[in-house]
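Trainee: Take a look at the following structure, please.
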Amino acid sequence: MSSGTEDSASYGPYFTRSQARSQARSQATNTREESDTINSSSSQSVEKRIYLSTRDLDLVKERLLALSQIESAEEYTESREIILKENVSLDNYLKYCERELSIPVRIYLDNGTIKAYEVPGTPHSTASATIKGYMFTWNHQNLKYGDDATFILGANSAREPDSWFRPKNRPRPQPGTPAANNIGVAYPTMIIEVGYSQSLLDLHRKVALYFSPRTTIQIVLVIKLFRPRIDDTIVLIAAKYLRTSPTPLIPVQVISFGTANPFGTTVNHITTTMGVPQNNFIGVGCINPANGINYPACNMAGIGTYIMNIPAAELFDGDPTVRPFTATLNRGFDLDLWEIQAPVDPERIKYLRSLNLEHESLLVPKSDLNLPYICDNCLRTIMCDKFSSWASGNELIDSFIQETQLSSSYERYTEWVPYTTLSQVKQIGEGGFGTVYSATWSWGIKLSLEEDKKDEKDEKTRKKICHYRTGPCTVALKELKDEMEITQAFLSEVQAQFDFCHLYGITQDPTTLEYMFIMRFALQGDL
1 MSSGTEDSAS YGPYFTRSQA RSQARSQATN TREESDTINS SSSQSVEKRI YLSTRDLDLV
61 KERLLALSQI ESAEEYTESR EIILKENVSL DNYLKYCERE LSIPVRIYLD NGTIKAYEVP
121 GTPHSTASAT IKGYMFTWNH QNLKYGDDAT FILGANSARE PDSWFRPKNR PRPQPGTPAA
181 NNIGVAYPTM IIEVGYSQSL LDLHRKVALY FSPRTTIQIV LVIKLFRPRI DDTIVLIAAK
241 YLRTSPTPLI PVQVISFGTA NPFGTTVNHI TTTMGVPQNN FIGVGCINPA NGINYPACNM
301 AGIGTYIMNI PAAELFDGDP TVRPFTATLN RGFDLDLWEI QAPVDPERIK YLRSLNLEHE
361 SLLVPKSDLN LPYICDNCLR TIMCDKFSSW ASGNELIDSF IQETQLSSSY ERYTEWVPYT
421 TLSQVKQIGE GGFGTVYSAT WSWGIKLSLE EDKKDEKDEK TRKKICHYRT GPCTVALKEL
481 KDEMEITQAF LSEVQAQFDF CHLYGITQDP TTLEYMFIMR FALQGDL
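Residue numbering for the sequence shown follows the UniProt record's numbering, beginning at 1 and increasing consecutively.
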């Protein structure tokens, strides 16, 4: 996801989601004394508290970034992982992960060795968030997902994937049987790994960890983002691994997408080193064996070649509540790779920035003359990025709000609103929900302006959409009589009426703890 006005086309690094969990704790790292250096094979006790110095981590970050620079001329396929510490116990590593919530590189434990493998950047985060967003829209009733869990993968191995999915009703492991963590949580059924600093080889090798005898993970989806070339074209690779495959450590499907053909080194690596049969490797730069013609370019949504199916049987493994599958679930989830490509395409980013795209200044007063512009894909990415920054305290409400943010336009999505943004709250009557109040909302209502823009390059007229807020305005607050009334059926009814009512947001009175709907204020009308 984007961080400020960071230039996505240059793939600038940013700190991971772990930093968002605790910025303050990272400052403690800078005050500690320097210790072990990179590649140290010290014989110190594995029970000694792990410490990775700021100097070493910064050096690792620089080395990983330097390795990625060569991909504008040649796609690197060898390992890029850097050893940080050896002879580390699983328990000690897990304690380190709990203690150190903010480091500038991604690490994991592989058979007792801590390795650094990735410097997260905007495209890295965007690709993962895009997949989560579309899968959430497809089915959030039966699936849980996340991106901040470290899973135990073996006797002395653990890793935090970029994203994971698990059926909500997948049973917890029986006592004494392997679990995803030390408190007995069930393993996810699907893992997403996105690599930018990471090489394709390193991504491929991770699958063996995820499919270890200890786990019950069924699907691993790998997305490799190569560095943009000098001409701003880009190569992306998607690989799908299934535990149920006769050869689970070989992808059952690999798709090349993007705006350029992969280099021969990449093609050879996929077909030879990874062992992918020619018929299972399709997409940009590949020849369709059925007709001897190159596959079409990935330049729009809905092209069959670039739709990767996530099978329902593996995705909902272990969840008896969804059997038998409905027709929708039986088809599984069709992931359109164009939706991953679009937000990281350098040419597309340039076009958006030519329309004065400023993500961090997305919501500005109407009086601001330098109004920003943003496309729907980027808007949904931002919404998904902010899911972890708020919570209503009610899982059903959270899911309802998130669904509207991923499936509605800027003006129509619902948001969680802090009660502190509401003032001058006055009771004005009783309605079908409960007590109705008027209030002044400091954020204001979301609105859009649209204007035509002539594109001199292709002589087409494009639409510029400018998003802004009105500033302080009067709204109606409809208080729910009892939180226990908030059921899935109730919210489904609200969803059915969503297009017919102006539901701006949901808030909670901190005194009464009652939830309130924030809606359009009408001097006359139904309360």
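No residue lacks a Cβ here, since even glycine has one placed at the ideal position from N, Cα and C. None of these values were measured; they are calculated from a predicted model.
If I'm right that residue 79 touches residue 231 with Cβ under 8 Å, what's the distance once you round it to whole angstroms?
Mentor: Position 79 of the sequence shown holds residue 79. Position 231 of the sequence shown holds residue 231. That belief does not hold up - the Cβ atoms of residue 79 and residue 231 are roughly 28 Å apart, past 8 Å.
Trainee: Just to confirm, are residue 444 and residue 436 a CB contact at a threshold of 8 Å?
Mentor: Taking the first residue of the sequence shown as 1, we reach residue 444 at position 444. Taking the first residue of the sequence shown as 1, we reach residue 436 at position 436. Not in contact: residue 444 and residue 436 (Cβ atoms no closer than 8 Å).
Trainee: Cutting at 7 Å between CB atoms, please list the residues of its own chain near residue 426, excluding the five before and the five after it.
Mentor: As a first step, residue 426 must be located in the sequence shown, where it is residue number 426. Cβ neighbours of residue 426 beyond the five flanking positions: 437 and 438.
Trainee: Under the DSSP definition of a beta bridge, which residues are partnered with residue 271?
Mentor: Against the sequence shown, residue 271 aligns to sequence position 271. None; residue 271 has no bridge partner.
Trainee: Let me make sure I understand the geometry here. Which of 491, 342, 502 and 98 has the alpha-carbon closest to that of residue 234?
Mentor: Walking along the sequence shown from the start, residue 234 turns up at place 234. The candidate whose alpha carbon is nearest that of residue 234 is 342.
Trainee: So, with DSSP's three-state summary, where would you put residue 214?
Mentor: Translated into positions along the sequence shown, residue 214 becomes position 214. Reduced to three states, the DSSP call for residue 214 is coil.
Trainee: When we look at the beta-carbon of residue 388 and count the other beta-carbons within 10 Å, is it buried (16 or more) or exposed?
Mentor: Indexing the sequence shown from 1 puts residue 388 at position 388. Looking at its Cβ environment, which holds fewer than 16 other Cβ atoms inside 10 Å, residue 388 is exposed.
Trainee: On the three-state DSSP scale, how would you describe residue 286?
Mentor: Reading the sequence shown from its first residue, position 286 is the one you call residue 286. In this structure, residue 286 counts as coil in the three-state DSSP scheme.
Trainee: Give me the Cα-Cα distance between residue 302 and residue 208, rounded to the nearest whole angstrom.
Mentor: The residue given as residue 302 occupies position 302 in the sequence shown. The residue given as residue 208 occupies position 208 in the sequence shown. In a straight line, the C-alpha of residue 302 is about 32 Å away from that of residue 208.
Trainee: Within the same chain, show all residues whose beta-carbon is closer than 6 Å to that of residue 401, passing over the 5 residues directly before and after it, in chain order.
Mentor: Walking along the sequence shown from the start, residue 401 turns up at place 401. Once the five neighbours on either side are set aside, the close Cβ partners of residue 401 are 414 and 416.
Trainee: Given a cut-off of 8 Å, decide if residue 137 and residue 166 are closer than it, judged by their beta-carbon atoms.
Mentor: Walking along the sequence shown from the start, residue 166 turns up at place 166. Walking along the sequence shown from the start, residue 137 turns up at place 137. For residue 166 and residue 137, no; Cβs fall outside 8 Å.
Trainee: Which residues in the same chain have their Cβ closer than 6 Å to the Cβ of residue 407, if we skip the five residues on either side of it in sequence?
Mentor: The residue labelled residue 407 in the question sits at position 407 within the sequence shown. Counting only Cβ-Cβ distances below 6 Å, and skipping sequence neighbours, we find 137.
Trainee: For residue 193 and residue 161, which I take to be in contact (beta-carbon distance under 8 Å), what is that distance rounded to the nearest angstrom?
Mentor: Taking the sequence shown and counting its residues from 1, one reaches residue 193 at position 193. Taking the sequence shown and counting its residues from 1, one reaches residue 161 at position 161. Going by Cβ atoms, the distance from residue 193 to residue 161 rounds to 6 Å, so yes, they are a contact pair.
Trainee: Does DSSP classify residue 166 as helix, strand or coil?
Mentor: Here residue 166 refers to the residue found at position 166 of the sequence shown. Residue state, collapsed to three classes: strand.
Trainee: What does the Cβ neighbour count give for residue 308, buried or exposed, with the cut at 16 atoms within 10 Å?
Mentor: Within the sequence shown, numbered from 1, the residue matching residue 308 stands at position 308. Its Cβ being crowded by 16 or more others within 10 Å, residue 308 is buried.
Trainee: Taking the C-alpha atoms as reference points, what is the distance between residue 133 and residue 332?
Mentor: Position 133 of the sequence shown, counted from the first residue, corresponds to residue 133. Position 332 of the sequence shown, counted from the first residue, corresponds to residue 332. Going by the C-alpha atoms only, they are around 16 Å apart.
Trainee: What's the C-alpha gap between residue 237 and residue 157?
Mentor: Counting from 1 along the sequence shown, the entry for residue 237 is found at position 237. Counting from 1 along the sequence shown, the entry for residue 157 is found at position 157. Going by the C-alpha atoms only, they are around 26 Å apart.
Trainee: Taking only three categories from DSSP, how would you classify residue 332?
Mentor: Residue numbering aside, residue 332 sits at position 332 when the sequence shown is read from its first letter. The answer is coil: DSSP assigns residue 332 none of H, G, I, E or B.
Trainee: For residue 135, is the classification buried or exposed, using 16 other Cβ atoms within 10 angstroms of its Cβ as the cut-off for buried?
Mentor: Start at 1 with the first residue of the sequence shown, and residue 135 comes out as number 135. Per the 10 Å Cβ criterion, buried.
Trainee: Throw me the rounded Cβ distance for the residue 337 and residue 384 pair, which I believe falls under 8 Å.
Mentor: For the purposes of this step, residue 337 is taken as the residue at position 337 of the sequence shown. For the purposes of this step, residue 384 is taken as the residue at position 384 of the sequence shown. Their Cβ separation, rounded to whole angstroms, is 17 Å, which puts residue 337 and residue 384 out of contact at 8 Å.
Trainee: Which residues mark the beginning and the end of the alpha helix (DSSP H) in which residue 131 is found?
Mentor: Sequence index remark: in the sequence shown, residue 131 carries index 131 (1-based). Note, residue 131: alpha helix (DSSP H), 122–138.
Trainee: In chain order, which alpha helix (DSSP H) runs of at least 4 residues are fully inside the region 240–269?
Mentor: Runs found: 264–268.
Trainee: Below 8 Å on the Cβ atoms is my guess for residue 259 versus residue 319; work out the distance and round it to an integer in Å.
Mentor: In the sequence shown, counting from the first residue as 1, residue 259 sits at position 259. In the sequence shown, counting from the first residue as 1, residue 319 sits at position 319. Contact doesn't hold; Cβ gap of about 39 Å is too wide.
Trainee: Assuming residue 86 contacts residue 112 (C-beta within less than 8 Å), just tell me the rounded distance between them.
Mentor: Here residue 86 corresponds to residue number 86 of the sequence shown, with the count starting at 1. Here residue 112 corresponds to residue number 112 of the sequence shown, with the count starting at 1. With a Cβ gap of about 7 Å, residue 86 and residue 112 count as contacting.
Trainee: With burial defined as no fewer than 16 other Cβ atoms inside 10 Å of the residue's Cβ, what is the status of residue 5: buried or exposed?
Mentor: In the sequence shown, residue 5 corresponds to position 5, counting from 1. Confidence in residue 5 is poor, its pLDDT being 29 and thus under 50, which makes the residue's placement too unreliable to answer from.
Trainee: Quick one: Cα of residue 91 to Cα of residue 107, how far?
Mentor: Position 91 of the sequence shown, counting from 1, holds the residue named residue 91. Position 107 of the sequence shown, counting from 1, holds the residue named residue 107. Residue 91 and residue 107: Cα-Cα distance of roughly 15 Å.
Trainee: Please work out which residues of its chain come closer than 8 Å, Cβ to Cβ, to residue 289, disregarding the five sequence neighbours upstream and downstream, and give them in chain order.
Mentor: The residue labelled residue 289 in the question sits at position 289 within the sequence shown. Answer for residue 289: 278 and 279, listed in chain order.
Trainee: Kindly indicate which three-state DSSP category residue 356 falls into: helix, strand or coil?
Mentor: Indexing the sequence shown from 1 puts residue 356 at position 356. Note that residue 356 has pLDDT 38, beneath the 50 cutoff, so the model's placement of it is unreliable and the number below is only indicative. Residue state, collapsed to three classes: coil.
Trainee: My understanding is that residue 404 touches residue 440, with C-beta atoms under 8 Å, so please give their C-beta distance in whole angstroms.
Mentor: In the sequence shown, the residue the question calls residue 404 occupies position 404. In the sequence shown, the residue the question calls residue 440 occupies position 440. Wrong, their Cβ atoms sit about 24 Å apart, outside the cutoff.
Trainee: Is residue 422 near residue 487, with beta carbons less than 8 Å apart?
Mentor: Along the sequence shown, one-based indexing puts residue 422 at 422. Along the sequence shown, one-based indexing puts residue 487 at 487. Going by C-beta atoms, residue 422 is not nearer than 8 Å to residue 487.
Trainee: What is the DSSP secondary structure of residue 476, counted as helix, strand or coil?
Mentor: Sequence index remark: in the sequence shown, residue 476 carries index 476 (1-based). Here residue 476 sits in strand by DSSP.
Trainee: Locate the beta strand (DSSP E) running through residue 424, then write down its first and last residues.
Mentor: Here residue 424 refers to the residue found at position 424 when the sequence shown is read from its first residue. Element bounds for residue 424: 422–430.
Trainee: One question on the structure: do residue 211 and residue 246 come within less than 8 Å of each other, judged by their Cβ atoms?
Mentor: On the sequence shown, position 211 is the one that residue 211 refers to. On the sequence shown, position 246 is the one that residue 246 refers to. Going by C-beta atoms, residue 211 is not nearer than 8 Å to residue 246.
Trainee: Which partner residues of residue 145 appear in the DSSP bridge assignment?
Mentor: In the sequence shown, residue 145 corresponds to position 145, counting from 1. Note: residue 145 sits in a beta bridge opposite 165.
Trainee: In the DSSP assignment, the beta strand (DSSP E) including residue 437 goes from what residue to what residue?
Mentor: In the sequence shown, the residue the question calls residue 437 occupies position 437. It spans 435–441 - the beta strand (DSSP E) in which residue 437 sits, taken as one unbroken run.
Trainee: Would you mind working out which of 315, 514 and 96 sits nearest residue 394, comparing C-alpha positions?
Mentor: Numbered from 1 along the sequence shown, position 394 holds the residue referred to as residue 394. Comparing Cα-Cα distances from residue 394 to each of 315, 514 and 96, the minimum goes to 514.
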